[in-house]
Amino acid sequence: MKRASRIYTALIMLFLFAPIVILLIFSFNETKSLSVFSGFSLKWYRELLRDRDTLGAVRNTLVLAVSASLISTVMGTAAAVGMHKLRSKWYRAALDTVTNIPMINPDIITGISLMLMFVFVGRFFGLATSLSFWTMLLAHITFCLPYVILQVLPKLRQMDPALPEAARDLGCTPLQAFFKAELPEIMPGIVTGLIMAFTLSLDDFVISYFTQGNGFQTLPIRIYSMTKKTVTPKMYALATIIFFVILTLLLISNLTDQDDGEKHKAKKN
Amino acid sequence: MKKIFAIVPALALAVVLLLSCAGCGGSTLTLNVYNWGEYISDGSEGSLDTVKAFEEWYQKEYGQKVRVNYDTFSSNEDLYAKLSSGAVSYDVIFPSDYMIARMINENMLLPLNYDNIPNFEYITEDFRNLYYDPQNQFTVPYTYGVVGVIYNAKVVDESDANGWDLLWNEKYSGDILQFNNPRDAFGTAMYKLGIDVNTTDKADWDAAQAELLRQRPLLKGMVMDEIYNMMASGEAAIGTYYAGDYFTMLDMVDESSDNVDLRFYYPEPTNYYVDAMCIPSCCQSKELAEIFINYMLSEEPAVANAEFTYYASPNSAVIHSQQYAEDMGEDFMEIIYPPMDSFRNNYQAYAYQNLDAETLAYINELWEKVKIN
Amino acid sequence: MKERSKGRATPLDRLLLAPYSVWAVIFILVPLAFVAYYAFTDNNFRFTADNIVKFFTASSEVEGREVRTYLLIFWRSLKLAVISTVVCLLLGYPMAFIIARARPRVQKTLITLVMIPMWMNFLIRTYAWMTILQDTGILNGLLGAVGLGRMHIIGTESAVVIGMVYDYIPYMIMPIYSVMAKMDVRLIEAAHDLGCNNMNTLRRVIFPLSIPGVLSGINMVLIPSISTFYISQKLGNGKFFLIGDAIEGQYVANNLHFAAAIAFIMMIVLLAAMALLRKLADRSVEGGV
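And the structure:
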């Protein structure tokens, strides 16, 4: 890379990681303060590890993100395959439009609209509670689906249309043809879609805020409700741990890739 | 490149599978509790983990497992919006007085069976039969408190530090914090002007709005929990919040700093409030909820909660606890339990009461106008 | 798209499509119908256009002038969102370009680095920005240490824009990068061979080809930044009142119907705006290549 590119990259990375450095530092603060560092201490990590409710919220957030991203990936991939082969122009245009709606609608509208529907349905059937883990899951799947579809569709278009036909000519059933010929081709799109769905669900606050039910509180909502007493460095400790877990995972996966890690370091801009 | 990312969801799935079985097994009772965030002793810094202690105590006492689902809300209005739409169902909730009045009005609370709550006897006379629950059928007080003014003595002259005027003092323009919720913000203006905070006269609310608009250019910000960090770091010099929170802020001040010296006083008149435990009509297991409320009143958890929240307790077991007074120190006791002729009278005169829908809508409209300026 | 697969839709394909079609109707279309239903009814679910009328007519006095309350709020939100989107584009486009031109190994590392912040909670990240931007914060501490004086950022529009740019810039970099990474290197070489300098190649070849990525980036930044209420609360010191705050405020004040009306109007405006943007982009793509 040229020097200007390197400097530019460094500046953008500084911008992206400045807050992360800050929360890393303040997670070791002695006092509750998030603005004044008064001394080094590991106490917030100890506090975090024994805080059942916060860890429970982390678990809930993960459960939700994992199930929402998996389900939306499976359903979205199936939908993309179906949409790709669809011949009815009208049906296809309708599906394209509907798929775009959640992406063009701000999350606050998606959240409110789903909440209104869930509450209405709950009332209609006289349910004691209309919101629960399941409504939250439905909401998350709904806003993840378009991202999956939009990742998979281009891969299908890039694929040689003769490929599945050839597979069938060679005696595959349609199902076999799909799994043996098409799926490997569109796999990169599916994986990107899965990652996007997982990331969006993990980081979502607004839609969860409107659709959360009882007994299943996710981390963002827990943090948002800390209005009586403020957010403590405990949350920073949590973020720091998440950061290092991700970093470790990425390092491991880098090492298991064909190139060795040493070479990679040497090459790093 | 894609592979590396795929590992993360995969691992997350593994973690989830491992963790999700932690709560499995046996016939476990469930109690859904809905409280303010950070409003119960949660075991941090060696305190009692109240919820866990209840679960253990219950199993010992009744031989059955109970699992408390403890969720948190951010404001009374948030709680009301969730409950009134029938979106959620909880067994025990912790609203504030004016919201309790509204919920009782709308049949959203169940009368309690006080036979299951014998510890109610610890609640001192001053805190029974208050306006929001005149017959005391629905509520058990949890905490109470008074709104006060916190200021940084390094910035603010001692002679200016009195009454609500300090929050309107142009000398400290850019250093003042106001509440970021309509009821409390209007409250400060109305106490300053000597208007009844429960008036339904629109002209009174207009006057309060004018006062808030006058204050608007002087403000550093309109904040809720951000006030802790802003006061403790010297970012702002004047703010108003609940009395116990002053001590939370003191804990956060860097002792080596010579820019921050936080002090506290009560303006006259000011807001008095009570937060109480109630059982909403969507409750699924009322008796268990009452047992929980009763447990919260017993000495150990009550003291732990009072020490954790730094708010005043209406519970005589707490007030008379030697341990509590020692742990909190004299300064704390003096400020949190100020000498009062009668809490009941002050409360009756200055607490927020439930307002009719029309007035509430009007306030909300005025508030938006304050905010957009 | 014209040379789409000639393969015929088998019953299997139709089966694959069925769950999503049903899903889209129930969870995308019906909820929007509910927004419209709530927007056009009062608390007793009787039809009324009052909520919509209120949005356009409610007025208040700001700085001595009579203004339309909600139109002003909407305008302010739009302004901040557009500024944030432009900043994201200006900062993100070169970044995406640099990443796409780097060696595969480096590409992978850089894209990972861009995505990492998104895996940490967005509320916590915003809190960390408060620590940085406050008058007594880290940035001013650093500026003071090198003798540059102080900057007042928190509580200003700049702070809100910084927060939005920070939170959403990965959504700008990612789609632009993925379009650029797929670009045919030979095209760029050909442009060079034909005598284009770097700037011309960028303008004539690379930029037109990257427009789909830019569009989806604009979409993914503009939409969340127009409706955010957390960033404006925290980094704006509560002094900003955006359309997201208005909706959330109405929801909390239990005026669901008016909240729905605001949401409904915003939805219509955004759908129209995005459709228009796409039309314009289609035309420019045709003209550009």
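Residue numbers (the numbering used here), protein chains in the order written: chain E, 1 to 269; chain X, 1001 to 1373; chain R, 2001 to 2289. Backbone N, C-alpha and C fix where the C-beta goes; we use that ideal spot for every residue, glycine too. These numbers were taken from a predicted model, which means no experiment stands behind them.
Reduced DSSP secondary structure (H/G/I, E/B, other) of residue i
i	result
X/Arg1263	strand
X/Ala1312	strand
R/Gly2213	helix
X/Pro1141	strand
R/Thr2041	strand
X/Ser1173	coil
E/Gly111	helix
X/Lys1192	helix
X/Val1068	strand
X/Asp1049	strand
X/Leu1031	strand
R/Ile2153	coil
X/Met1296	helix
R/Glu2061	strand
R/Met2115	helix
E/Val245	helix
R/Phe1973	In the structure as shown, chain R begins at 2001 and stops at 2289. Residue 1973 of chain R is therefore absent and cannot be evaluated.
R/Glu2066	strand
X/Asn1354	coil
R/Phe2240	coil
Cα-Cα separation between residue i and residue j, rounded to whole angstroms
i	j	result
E/Asn100	R/Ala2275	10 Å
E/Gly82	E/Tyr147	16 Å
R/Lys2054	R/Ile2268	16 Å
E/Phe143	E/Leu156	22 Å
X/Ala1207	X/Asp1157	28 Å
X/Asn1315	X/Ile1279	19 Å
E/Ile20	X/Phe1094	35 Å
R/Ala2273	E/Met159	33 Å
X/Leu1262	X/Glu1235	12 Å
X/Cys1024	X/Tyr1347	With a pLDDT of 48 at X/Cys1024, under the threshold of 50, the predicted position of this residue should be treated as unreliable, though the coordinate-derived value follows. Cα to Cα, X/Cys1024 sits roughly 47 Å from X/Tyr1347.
X/Asp1327	X/Ser1313	15 Å
R/Ile2028	E/Pro102	7 Å
E/Thr173	E/Val74	20 Å
R/Thr2112	E/Ile252	14 Å
X/Asn1354	X/Arg1102	6 Å
R/Val2296	R/Asn2200	Nothing about residue 2296 of chain R can be reported from this structure: the residues present for chain R run from 2001 to 2289 only.
Cβ neighbours of residue i in the same chain (closer than 7 Å, five flanking residues each side left out)
i	result
X/Ser1075	Asn1181
X/Tyr1295	Phe1054, Trp1057, Pro1301
X/Ile1293	Val1092, Ile1117, Val1140, Met1277
Per DSSP, cross-strand counterpart(s) of residue i
i	result
X/Asp1275	X/Ser1096, X/Thr1143
X/Pro1280	X/Leu1109
E/Ile346	For chain E, the structure presents residues 1 to 269; residue 346 of chain E sits outside this window and is missing.
X/Tyr1062	Answer is none; X/Tyr1062 lacks a bridge partner.
X/Tyr1151	X/Ile1238, X/Arg1263
X/Gly1221	X/Leu1177
E/Phe40	E/Asn29
X/Asp1042	X/Asp1049
X/Trp1036	X/Phe1073
X/Ile1123	X/Asn1315
R/Phe2047	R/Thr2041
Residues near residue i in its chain [Cβ-Cβ closer than 6 Å; skip 5 each side]
i	result
R/Met2220	Tyr2171
R/Gln2250	Phe2258, Ala2259
E/Leu153	Ala80
X/Gly1043	Asp1049
E/Ser5	none
Cβ shell of residue i (< 8 Å), same chain only, five flanking positions each side left out
i	result
R/Thr2069	Ala2058, Ser2059, Ser2060
E/Ile109	none
X/Ala1289	Leu1031, Asp1091, Val1092, Ile1279, Cys1283
R/Gly2144	Arg2150
Cβ pair count under 8 Å reaching 3, the stretch 1308 to 1315 of chain X against the stretch 1038 to 1055 of chain X: yes
Is there contact here, the stretch 18 to 28 of chain E with the stretch 37 to 55 of chain E, by at least three beta-carbon pairs under 8 Å? The stretch 18 to 28 of chain E makes contact with the stretch 37 to 55 of chain E: 3 or more CB pairs, one atom from each, lie closer than 8 Å.
Counting pairs of Cβ atoms below 8 Å between the stretch 195 to 213 of chain E and the stretch 3 to 21 of chain E, do you hit three or more? no
Taking 8 Å as the threshold, find out whether the stretch 2199 to 2217 of chain R comes into contact with the stretch 2172 to 2188 of chain R through three or more Cβ pairs. A contact exists between the stretch 2199 to 2217 of chain R and the stretch 2172 to 2188 of chain R.
Does the stretch 1250 to 1259 of chain X come into contact with the stretch 1130 to 1137 of chain X, if we say contact requires no fewer than three beta-carbon pairs (one atom in each stretch) closer than 8 Å? Judged by pairs of C-beta atoms under 8 Å, the stretch 1250 to 1259 of chain X does not touch the stretch 1130 to 1137 of chain X, as fewer than three such pairs exist.
Could you tell me whether the stretch 2152 to 2159 of chain R touches the stretch 2232 to 2240 of chain R, where touching means 3 or more Cβ pairs closer than 8 Å? yes
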